[in-house]
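Since the structure comes first, as structure tokens, the remarks are kept for the end.
There are 2 protein chains.
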Amino acid sequence: MSVVKTRSLSETARQLHLTQPTVSLQIKRLQEEVGEPLISMQQQKLQITEAGLELFRTCKQVVGHFEDYQDFLAELRGGERGRCKIAMVNTAQYILPKLLGPYSNLHPHVELPLEIGNREEVLARFERGEDDIYVFSHPPSLEQAQAARFLHNPLEFIVPNNHPLLSLKQVNLTDLMQYRFLLRENGSATRMLFESELQSRGLVLSDGVQMASNEAIRVAVSSGMGISLLSHHVLPMGDHSFTKLQVLDTDIASQWYFVMRTDRHISHAARSFLKFAQTNLEQYLDIKWVRNELHKLNIEP
Amino acid sequence: MSVVKTRSLSETARQLHLTQPTVSLQIKRLQEEVGEPLISMQQQKLQITEAGLELFRTCKQVVGHFEDYQDFLAELRGGERGRCKIAMVNTAQYILPKLLGPYSNLHPHVELPLEIGNREEVLARFERGEDDIYVFSHPPSLEQAQAARFLHNPLEFIVPNNHPLLSLKQVNLTDLMQYRFLLRENGSATRMLFESELQSRGLVLSDGVQMASNEAIRVAVSSGMGISLLSHHVLPMGDHSFTKLQVLDTDIASQWYFVMRTDRHISHAARSFLKFAQTNLEQYLDIKWVRNELHKLNIEP
DNA sequence: GTTATATATAGATAAATATCTATGGGGTAG
DNA sequence: CTACCCCATAGATATTTATCTATATATAAC
Numbered sequence: 049m050s051v052v053k054t055r056s057l058s059e060t061a062r063q064l065h066l067t068q069p070t071v072s073l074q075i076k077r078l079q080e081e082v083g084e085p086l087i088s089m090q091q092q093k094l095q096i097t098e099a100g101l102e103l104f105r106t107c108k109q110v111v112g113h114f115e116d117y118q119d120f121l122a123e124l125r126g127g128e129r130g131r132c133k134i135a136m137v138n139t140a141q142y143i144l145p146k147l148l149g150p151y152s153n154l155h156p157h158v159e160l161p162l163e164i165g166n167r168e169e170v171l172a173r174f175e176r177g178e179d180d181i182y183v184f185s186h187p188p189s190l191e192q193a194q195a196a197r198f199l200h201n202p203l204e205f206i207v208p209n210n211h212p213l214l215s216l217k218q219v220n221l222t223d224l225m226q227y228r229f230l231l232r233e234n235g236s237a238t239r240m241l242f243e244s245e246l247q248s249r250g251l252v253l254s255d256g257v258q259m260a261s262n263e264a265i266r267v268a269v270s271s272g273m274g275i276s277l278l279s280h281h282v283l284p285m286g287d288h289s290f291t292k293l294q295v296l297d298t299d300i301a302s303q304w305y306f307v308m309r310t311d312r313h314i315s316h317a318a319r320s321f322l323k324f325a326q327t328n329l330e331q332y333l334d335i336k337w338v339r340n341e342l343h344k345l346n347i348e349p
Numbered sequence: 049m050s051v052v053k054t055r056s057l058s059e060t061a062r063q064l065h066l067t068q069p070t071v072s073l074q075i076k077r078l079q080e081e082v083g084e085p086l087i088s089m090q091q092q093k094l095q096i097t098e099a100g101l102e103l104f105r106t107c108k109q110v111v112g113h114f115e116d117y118q119d120f121l122a123e124l125r126g127g128e129r130g131r132c133k134i135a136m137v138n139t140a141q142y143i144l145p146k147l148l149g150p151y152s153n154l155h156p157h158v159e160l161p162l163e164i165g166n167r168e169e170v171l172a173r174f175e176r177g178e179d180d181i182y183v184f185s186h187p188p189s190l191e192q193a194q195a196a197r198f199l200h201n202p203l204e205f206i207v208p209n210n211h212p213l214l215s216l217k218q219v220n221l222t223d224l225m226q227y228r229f230l231l232r233e234n235g236s237a238t239r240m241l242f243e244s245e246l247q248s249r250g251l252v253l254s255d256g257v258q259m260a261s262n263e264a265i266r267v268a269v270s271s272g273m274g275i276s277l278l279s280h281h282v283l284p285m286g287d288h289s290f291t292k293l294q295v296l297d298t299d300i301a302s303q304w305y306f307v308m309r310t311d312r313h314i315s316h317a318a319r320s321f322l323k324f325a326q327t328n329l330e331q332y333l334d335i336k337w338v339r340n341e342l343h344k345l346n347i348e349p
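Chains as they are written, first to last, in the numbering used here: chain A, 49 to 349; chain B, 49 to 349.
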């Protein structure tokens, strides 16, 4: 490269802190490799041949490509580019987009593929290490898991409008047992939490119906099919097709956690997203429920 | 590269006839060099990371550029591309384009810079080795020169229309001596030839005027300024503003030669042009004058 | 549980590579 | 004509590189 600019082997050697024979030999070998003369002497001046010039152009382009790659790496490292795969349990899909949206606007080149499943499915993904970040209500207590709470998740009882319970002055958990309960499938965090509450108080449901999604349950309650317990964050603000029920002696709540594997490499994009979350949780989520413990995650490089 | 396709280090090793540790180590070192993980294991399957994929793309492009360069070299070697610098004496500029035109159409990517000068100038260029091919009437007899005749160059006497000589039944060289002769500068091949002819016959010109170009001489003769001796090839066919004079006892002619240096690398384009000339001289030049001795040049690689 | 397969690591080695110093030849400029 | 600058070549050497064998580890298949 330098030879093309200086048109002199000796000068090149000086610039590169090499000796002249070294440069001479390098050029000679390069010519043998190419099979064509790359330079020629003309009136004691070194000329670059056509083949030499074209090789020079080729090399410039190649160097350009590697520089582009370095730029790509820089963006990757800065968290401006890359991929951050997130797997979350169903309930979280109502709340996480409030964070993902602003983040995605700030880092448009970061891919954010989302996986949504029930607890069991997300757990399986975690065990296979398919994603960068997992969102659980009840993080697995495996040693490869590091978890940090970020949001309080209060559960609320909902009943159809005009339900008999609404006419009572005050309602206790026991009062609810006689009604048909609509619940998510076994293993769902909400259901686990509810059932353990019942068990610890020695209560038993008289009638339970299993439904596949939070929306299905909400709509079913609205149409009088039964009563249920749902995450506060799942209930649309302006929806009056059902009624929230205050149950005096009961306060069931869980937390949401960001979970990561300790034994897997943390992608720059994931690191970048978590940092963003750590500093912006309060801004994008209802500050009433925010529980920012993201510092517990080991996200520094 | 193969790793990206096979998604397996062992399989790659088999395909490349290497052992698995070799591939493993190579990838490891590549990752250390890049400073980012390029592959990752996921459920026992090898995944390529973003950084890895981007590097793969970069490498494909780089390989592409070198393949382009190989194509360039192939064209260069086939004489379809490159440069063939030709320096010729003034007189030759009337005849050589008849060869250069068809050749250039056949090989549009070959650059054909032409240098035109008087004998002295072209000789200087030859000595400095500035061009690939030289065209002389009287090739230098240096040992670094190899020359091959390709065209007979008869010289013709021209006189103004209605010149007294035209009324003579027959004209001898001696008859011309009393008239003013228009001649090219000293060192011109035509002049050299003419003067040596005069000298060998003990003749002396009474009056000579030196002019810089063949055209100037032709026009000057037409306008009655004197008489001259010019190459047959310089005289336009349909021009009747002057008259050719048959001189009985005199037949002056020279030859045109392609000349090359033996001590310089012959460019593929030059080789290609000379081959073209060798096989097509008769087609593009008046066959009456062609003297094809190009086989004397050592133009095989 | 045993076997097979995939990747990772350590240690050894032969080949290739990048250098250097020393020297020779050709040409230019005092 | 001599000193100087340029490039070319030869010989020596130290480092780097590519590669192997042997072995360990983890997972999947039987």
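In this text, a Cβ means the ideal position worked out from N, Cα and C, and glycines have one as well.
Just how far apart, CA to CA, sit A:Lys336 and A:Asn201?
Stepping through the first sequence from its first residue, residue 336 of chain A is reached at position 288. Stepping through the first sequence from its first residue, residue 201 of chain A is reached at position 153. Straight across, the Cα-Cα distance linking A:Lys336 with A:Asn201 is about 11 Å.
My understanding is that B:Gly272 touches B:Arg228, with C-beta atoms under 8 Å, so please give their C-beta distance in whole angstroms.
Counted from its first residue, the second sequence places residue 272 of chain B at position 224. Counted from its first residue, the second sequence places residue 228 of chain B at position 180. Going by Cβ atoms, the distance from B:Gly272 to B:Arg228 rounds to 10 Å, so no, they are not a contact pair.
What's the C-alpha gap between A:Phe174 and A:Gly235?
In the first sequence, the residue the question calls residue 174 of chain A occupies position 126. In the first sequence, the residue the question calls residue 235 of chain A occupies position 187. A:Phe174 and A:Gly235 have their C-alpha atoms roughly 15 Å apart.
Reference A:Gly126; option with closest CA among A:Gln192, A:Leu345, A:Val267, A:His316:
Sequence index remark: in the first sequence, residue 126 of chain A carries index 78 (1-based). Checked all of A:Gln192, A:Leu345, A:Val267, A:His316; the closest Cα to A:Gly126 is A:His316.
May I have the straight-line CA-CA distance separating A:Ile361 from A:Ala260, to the nearest angstrom?
Because chain A spans 49 through 349 in this model, residue 361 of chain A falls outside it and cannot be assessed.
I'd like the span of the beta strand (DSSP E) that includes B:Asn201, first residue to last.
As a position in the second sequence, residue 201 of chain B is number 153, starting the count at 1. Run containing B:Asn201: 193-208, per the beta strand (DSSP E) assignment.
Where are the beta strand (DSSP E) runs, 3 residues long or more, that stay fully inside the region 231-287 of chain A, in chain order?
Within the region 231-287 of chain A, complete beta strand (DSSP E) segments of at least 3 residues are found at 255-258, 275-279, given in chain order.
Same chain only: Cβ atoms within 8 Å of A:Glu178, ignoring 5 sequence neighbours per side:
Position 130 of the first sequence, counting from 1, holds the residue named residue 178 of chain A. Closer than 8 Å at the Cβ level, and outside the excluded window around A:Glu178, lie Lys133, Ala135, Glu163.
Just the Cα atoms here: how many angstroms apart are B:Arg129 and A:Leu86?
Numbered from 1 along the second sequence, position 81 holds the residue referred to as residue 129 of chain B. Numbered from 1 along the first sequence, position 38 holds the residue referred to as residue 86 of chain A. Taking the straight line joining both Cα atoms gives about 15 Å.
Among B:Ile265, B:Leu148, B:Glu169, the one whose alpha carbon lies nearest that of B:Pro161:
On the second sequence, position 113 is the one that residue 161 of chain B refers to. Closest by alpha carbon: B:Leu148.
Using the C-alpha atoms, what's the distance from B:Leu94 back to A:Gln109?
As a position in the first sequence, residue 109 of chain A is number 61, starting the count at 1. As a position in the second sequence, residue 94 of chain B is number 46, starting the count at 1. The straight-line gap from Cα to Cα measures roughly 31 Å.
Can you tell which of A:Gln326, A:Thr139, A:Glu102 has its C-alpha closest to the C-alpha of B:Tyr117?
One-based indexing of the second sequence puts residue 117 of chain B at position 69. Taking only the C-alpha atoms, the option nearest B:Tyr117 is A:Glu102.
Within the 7 Å Cβ cut-off, does B:His155 reach chain A?
Against the second sequence, residue 155 of chain B aligns to sequence position 107. Cβ-Cβ to chain A under 7 Å: no for B:His155.
Going straight from the alpha carbon of A:Val307 to that of B:Glu98, what length do you get?
Here residue 307 of chain A refers to the residue found at position 259 when the first sequence is read from its first residue. Here residue 98 of chain B refers to the residue found at position 50 when the second sequence is read from its first residue. Roughly 22 Å separates the two Cα atoms.
Exposed or buried, B:Leu144, counting other C-beta atoms within 10 Å across all chains shown (16 or more means buried)?
Within the second sequence, residue 144 of chain B is the residue found at index 96, counting from 1. With 16 or more other Cβ atoms within 10 Å, it is buried.
Please determine, among B:Leu296, B:Ile300, B:Ile314, B:Lys76, the residue with the shortest C-alpha to C-alpha distance to B:His280.
Working through the second sequence from its first residue, we reach residue 280 of chain B at position 232. That would be B:Ile300, whose Cα lies nearest to the Cα of B:His280.
Given A:Val82, which residues of its chain have a CB within under 7 Å of its CB, disregarding the five upstream and five downstream residues?
Working through the first sequence from its first residue, we reach residue 82 of chain A at position 34. Same-chain partners within the cutoff: Ala99, Leu103.
I'd like to check one pair, B:Arg167 with B:Ala12: are the Cβ atoms closer than 7 Å?
No answer is possible for residue 12 of chain B: it lies beyond the span of chain B, which begins at 49 and ends at 349.
Of the choices A:Lys344, A:Met285, A:Glu330, whose alpha-carbon is the least far from that of A:Val338?
Walking along the first sequence from the start, residue 338 of chain A turns up at place 290. For A:Val338, the closest of A:Lys344, A:Met285, A:Glu330 by C-alpha to C-alpha distance is A:Glu330.
According to DSSP, A:Phe114 sits in a beta bridge with which residue or residues?
On the first sequence, residue 114 of chain A is found 66 positions in, with the first residue counted as 1. Bridge partners of A:Phe114 according to DSSP: none are assigned.
What are the residues that DSSP puts in a beta bridge with B:Ser88?
On the second sequence, residue 88 of chain B is found 40 positions in, with the first residue counted as 1. Its beta-bridge partners are B:Gln95.
Using a beta-carbon distance below 7 Å, is B:Arg176 in contact with chain A?
On the second sequence, position 128 is the one that residue 176 of chain B refers to. B:Arg176 counts as touching chain A.
Below 8 Å between beta carbons is the criterion; list the residues of the region 103-124 of chain A that meet it against any residue of chain B, in chain order.
Residues of the region 103-124 of chain A whose Cβ lies closer than 8 Å to any Cβ of chain B, in chain order: Leu103, Thr106, Gln109, Val110, His113, Phe114, Asp116, Tyr117, Phe120, Leu121, Leu124.
I'd like to know whether the C-beta of A:Gly130 is nearer than 7 Å to at least one C-beta of chain B.
For the purposes of this step, residue 130 of chain A is taken as residue 82 along the first sequence, with counting starting at 1. Yes - at least one Cβ of chain B is within 7 Å of the one on A:Gly130.
Name the residue from A:Asn210, A:Ser56, A:Arg312 whose alpha carbon lies nearest to the alpha carbon of A:Glu191.
Taking the first sequence and counting its residues from 1, the one referred to as residue 191 of chain A is at position 143. When only C-alpha atoms are compared, the closest one is A:Arg312.
For the alpha helix (DSSP H) containing B:Leu78, name the first residue and the last one.
For the purposes of this step, residue 78 of chain B is taken as residue 30 along the second sequence, with counting starting at 1. Annotation for B:Leu78: the continuous alpha helix (DSSP H) segment containing it runs 68-82.
With 16 as the cutoff for other CB atoms within 10 Å, does A:Glu233 come out buried or exposed?
Sequence index remark: in the first sequence, residue 233 of chain A carries index 185 (1-based). Result: exposed.
For B:Leu162, which residues does DSSP report across the bridge?
Translated into the one-based positions of the second sequence, residue 162 of chain B becomes position 114. Beta-bridge pairing links B:Leu162 to B:Ile134.
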